[in-house]
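To start, the structure itself, in structure tokens.
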Amino acid sequence: MNPLLVFPDPPPPELSQCLDLDGWVWKSVSSAEAAMAEEPDGGWAGAIVVADADPEGAFALCRRLRKVEMPLSPLLLLVGGGQLIDLELRDDLFDDFCLTPFR
1 MNPLLVFPDP
11 PPPELSQCLD
21 LDGWVWKSVS
31 SAEAAMAEEP
41 DGGWAGAIVV
51 ADADPEGAFA
61 LCRRLRKVEM
71 PLSPLLLLVG
81 GGQLIDLELR
91 DDLFDDFCLT
101 PFR
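Just so you know, the sequence shown maps onto residues 1 to 103 in full-length UniProt numbering.
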């Protein structure tokens, strides 16, 4: 199974615990460049991008993953409630979103 791409590095503890408990294989990265450099031969299985602490880095990664010949999908974006307005013009950068914090 190809790993999930997770941003940022390190991810929020709740997210890493959730992924580990459900048996997902995942790799966290700190930037779009790291995601491209560390991409496995078979590609990423999908991505979970947390945008609450570093929205600029998160959206840059989403843009990089989607604006290529073979866009990455599925891409789940985790945002804080105050960031909902920021999603309006960026809906092409993710498949779905979830509000954080999640429990």
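Backbone N, C-alpha and C fix where the C-beta goes; we use that ideal spot for every residue, glycine too. Since the structure is predicted, the reported quantities are computational estimates derived from the model, not experimental observations.
Reference Leu99; option with closest CA among Asp92, Leu77, Asp20 and Arg90
Indexing the sequence shown from 1 puts residue 99 at position 99. Checking every option, the nearest Cα to that of Leu99 belongs to Leu77.
Quick test of your reading: Pro8 and Ala53, contact by CB under 8 Å. State the CB separation rounded to the nearest angstrom.
As a first step, residue 8 is located in the sequence shown; it is residue number 8 there, counting from the start. As a first step, residue 53 is located in the sequence shown; it is residue number 53 there, counting from the start. Rounded, the Cβ-Cβ distance is 7 Å, consistent with contact.
First and last residue of the uninterrupted beta strand (DSSP E) at Ser28:
Here residue 28 corresponds to residue number 28 of the sequence shown, with the count starting at 1. Unbroken beta strand (DSSP E) run through Ser28: Trp26 to Ser28.
Length of the line joining the Cα atoms of Gly42 and Leu61:
Start at 1 with the first residue of the sequence shown, and residue 42 comes out as number 42. Start at 1 with the first residue of the sequence shown, and residue 61 comes out as number 61. Going by the C-alpha atoms only, they are around 19 Å apart.
Return helix, strand or coil for Gly43, following the three-state DSSP convention.
Position 43 of the sequence shown, counted from the first residue, corresponds to residue 43. Coil.
Have a look at Trp44 and Glu38 and give me their C-alpha separation to the nearest angstrom.
For the purposes of this step, residue 44 is taken as the residue at position 44 of the sequence shown. For the purposes of this step, residue 38 is taken as the residue at position 38 of the sequence shown. Trp44 and Glu38 have their alpha carbons spaced roughly 10 Å apart.
Helix, strand or coil: which one does DSSP assign to Glu96?
Translated into positions along the sequence shown, residue 96 becomes position 96. Contrary to the premise, residue 96 reads as Asp rather than Glu in this sequence. Strand.
Is the beta carbon of Pro3 closer than 7 Å to that of Lys27?
On the sequence shown, position 27 is the one that residue 27 refers to. On the sequence shown, position 3 is the one that residue 3 refers to. Taking 7 Å as the cut-off, the Cβ atoms of Lys27 and Pro3 count as close.
Should Ala35 and Leu5 be called a contact, given that it needs their Cβ atoms to be closer than 7 Å?
On the sequence shown, position 35 is the one that residue 35 refers to. On the sequence shown, position 5 is the one that residue 5 refers to. Taking 7 Å as the Cβ cut-off, Ala35 and Leu5 qualify as a contacting pair.
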